[in-house]
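Trainee: Using full-length UniProt numbering, read the sequence shown as starting at 1 and increasing by one per residue.
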Amino acid sequence: MEQPVQTEMWKARSLEELVRILHQLFAEDKVSVEEVQALMESYESNPDEWLQYAQFDQYRYTRNLVDNGNGKFNLMILCWGEGHGRFVFKDYGFSKQIYSYCIFHC
């Protein structure tokens with residue numbers, strides 16, 4: 001029987017620290033989705049840190065890369081204006097499988 005993965009409690013105090021810890025977590029062969037999700041939820045959003053990545057388009061949503069995650073993940077900020085709707089994955093034909101790998105959204 002497989003043993004549960006031991007998780008550490010991470011707390012990201014800044015976007016820079018969030019990226020650094022994500023790189024640490026994804027450096028391993030096995031990644032705990034629960035650990036990554038807990039880390040993401042620990043980050044208290046600070047617009048001063050991520051506003052530089054928030055690019056909007058009046059006609060469609062945008063996917064803005066924050067970090068390419070050492071080839072194992074992408075940290076992105078998705079932006080859409082009023083009236084575009086929130087379900088961008090469904091609206092643009094992405095499969096539910098791809099959406100299931102979106103660990104955190106608000």
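Glycine included, C-beta positions come from ideal geometry on N, C-alpha and C.
Among 12, 48 and 55, which one has its Cα closest to the Cα of residue 41?
Mentor: The shortest Cα separation from residue 41 among 12, 48 and 55 belongs to 12.
Trainee: So, is residue 59 buried or exposed, given that buried needs 16 or more other C-beta atoms within 10 angstroms?
Mentor: That one is exposed.
Trainee: Whose CA, out of 82, 76 and 14, lies closest to the CA of residue 149?
Mentor: No answer is possible for residue 149: the residues shown for the chain start at 1 and end at 106.
Trainee: Of the choices 22, 45, 29 and 49, whose alpha-carbon is the least far from that of residue 37?
Mentor: Ranking the options by Cα distance to residue 37, first place goes to 22.
Trainee: Going by other Cβ atoms of all chains shown within 10 Å of its Cβ, with 16 needed for buried, is residue 51 buried or exposed?
Mentor: Result: exposed.
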